[in-house]
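Straight run, no breaks: the sequence shown in the UniProt record's numbering ends on number 299.
Using N, Cα and C, we set each Cβ at its ideal position, and we do this for glycine too.
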Amino acid sequence: MTKRITKAVIPAAGLGTRFLPATKAMPKEMLPVVDKPAIQYVVEEAVNAGLTDVLMITGRNKNALENHFDRVAELEASLEAKGDTAKLKKVNESTELADMHYVRQGDPLGLGHAVHRANMHVGDEPFAVLLGDDIIDARDELLTRMLDEQVKRDASIVALLEVDPDSIHLYGAAAVELTDDPDVVRITGLVEKPAKEVAPSNYAVIGRYVLKPEVFEILANTAPGKGGEIQLTDALMTMAGDVDGTGGVYGVVFRGRRYDTGDKLDYIKAVVQLASDRDDLGPELRPWLIEYAAGLQKD
Ligand code: UTP
1 MTKRITKAVI PAAGLGTRFL PATKAMPKEM LPVVDKPAIQ YVVEEAVNAG LTDVLMITGR
61 NKNALENHFD RVAELEASLE AKGDTAKLKK VNESTELADM HYVRQGDPLG LGHAVHRANM
121 HVGDEPFAVL LGDDIIDARD ELLTRMLDEQ VKRDASIVAL LEVDPDSIHL YGAAAVELTD
181 DPDVVRITGL VEKPAKEVAP SNYAVIGRYV LKPEVFEILA NTAPGKGGEI QLTDALMTMA
241 GDVDGTGGVY GVVFRGRRYD TGDKLDYIKA VVQLASDRDD LGPELRPWLI EYAAGLQKD
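Below is the structure:
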């Protein structure tokens, strides 16, 4: 019987330069999305899909990430003394979520390099990778579907989103073949951040992967690619071309809500959308938004 996947790897060691100066001394994954740091949404998603062993790849300036998932005795004692159980619950939520582990990347040599740092912890089993600045709306299913497909196909799985051709240059783009499942495609090629004219499709790879452990050896032999970084896309490309040795790569097409909190505009949209959907903030925020938008139309 196939062993259930339990391990999630969350690369969070990037420099976050698109968000400077906010990220000068603070990791971008700690930016609050309404009232929770982005990274907590990502860990919650892993846990909701049954992945309770979480390895975070961190770097310099990233201590806040570890602190967020640890106890904070003074604050807990103060809230307890005041009998503020609601706030105490909020503080403890992130501490009790998962079995958290950390490894530093050293130099941020690229996403592929960050994932390779998980080799020792993960060992010889399939595992999930969730990018620490990519939020998938908890109301839309993705990771559980990917885990199921990994078991079913004994292959590596990536998440794909159909994007406007004008923005494909921001992503890894996939060349695909259809399967008998409308939500699943076989990946035959991948190009990192292609120009619109040469993109193989408008299927963009987004920040969720379920990978077979063969990826580690391939990453160890992957030379720096685009931007001088060791690219996970290049390793996936090798796997897609070696179906016999690695099982190949399939894509699960995601049609739900996704927010790239590492990008300023997407971050702002995420905060507005998630806040306006919430019971505690929505009833006041929505009428204000409508009035504000009407004002914009007049200008
Ligand atoms: P990004 O390219 O979005 O991250 O990497 P970045 O380099 O931090 O961002 P900008 O472009 O400078 O603003 C995607 C994911 O890979 C991680 C990032 O933390 C992010 O979750 N990453 C990237 C690493 O962990 N290590 C790296 O060397 C590069």
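- The distance from the Cβ of I135 to that of G256 is about 11 angstroms, inconsistent with a contact at the 8 angstroms cut-off.
- Exclusion of the five residues before and after E76 leaves L88, V91 and N92 as the residues of its chain whose Cβ lies within less than 8 angstroms of its Cβ.
- By the criterion of at least three beta-carbon pairs nearer than 8 angstroms, the stretch 149-167 is in contact with the stretch 241-259.
- Between L65 and A8, the beta carbon gap of about 14 angstroms keeps them out of contact (Cβ cut-off 8 angstroms).
- For R145, the secondary structure class from DSSP, reduced to helix, strand or coil, is helix.
- Its Cα nearest to that of P194, the residue Y171 stands out among Y171, T238 and V271.
- Under the 8 angstroms Cβ criterion, the stretch 71-86 does not count as touching the stretch 103-118, having fewer than three qualifying pairs.
- Distances from the alpha-carbon of I5 to those of I230, E125, G189 and P287 put E125 closest.
- The three-state reading of DSSP puts Y267 in helix, counting H, G and I together.
- Restricted to the stretch 114-187, the alpha helix (DSSP H) segments that are unbroken, complete and at least 4 residues in length are 119-122 and 143-153, listed in chain order.
- A distance criterion of 7 angstroms places the beta-carbon of D133 in contact range of the ligand UTP, judged by its closest non-hydrogen atom.
- Taking a contact to require three or more Cβ pairs closer than 8 angstroms, the stretch 257-268 and the stretch 240-247 do not qualify as touching.
- In the three-state reduction of the DSSP assignment, V72 falls in the coil class, being assigned neither a helical nor a strand state.
- Judged by beta-carbon spacing, L178 lies beyond the 8 angstroms limit of A118, meaning their Cβ atoms are not closer than that value.
- Distances between the C-beta of R208 and the heavy atoms of the ligand UTP are all 7 angstroms or more.
- Residues L219, T222, I230, Q231, L232, D234 and A235 of the same chain have their beta carbon placed closer than 7 angstroms to that of G112, with the five preceding and five following residues left out of the count.
- K264 is the residue among V191, K298, P287 and K264 whose C-alpha sits nearest the C-alpha of A22.
- In the DSSP assignment, Y259 is bridged to I135.
- Pairing A294 with Q273, the inter-Cα distance amounts to about 17 angstroms.
- M120 is classed as exposed because its beta carbon has fewer than 16 other beta carbons within 10 Å across all chains shown.
- When the five nearest sequence neighbours on each side are left out, the beta carbons in the same chain lying within less than 7 angstroms of the beta carbon of E29 are those of A12, P37, A38, I39, L65, G132 and D133, in order along the chain.
- For F69, the Cβ stays outside the 7 angstroms cut-off from all heavy atoms of the ligand UTP.
- By the neighbour-count criterion, in which a residue is buried when 16 or more other Cβ atoms sit within 10 angstroms of its Cβ, S167 is exposed.
- Less than 8 angstroms separates the beta-carbon of Y203 from that of E162.
- Beta-carbon to beta-carbon, D53 and D84 are separated by about 32 angstroms, too far to satisfy the 8 angstroms threshold.
- For L142, the shortest separation between its Cβ and any heavy atom of the ligand UTP does not lie below 7 angstroms.
- Assignment of K90 by DSSP, reduced to helix, strand and coil, places it in the helix class.
- For L296, same chain residues with a beta-carbon under 6 angstroms away, outside a window of 5 residues either side, do not exist.
- Nearest C-alpha to G282 among V185, V34 and L20: V34.
- K193 carries a coil assignment under DSSP once its states are collapsed to helix, strand and coil.
- In this structure, the C-beta of A118 stays at least 7 angstroms away from each heavy atom of the ligand UTP.
- Taken from the Cβ of L15, at least one heavy atom of the ligand UTP lies inside 7 angstroms.
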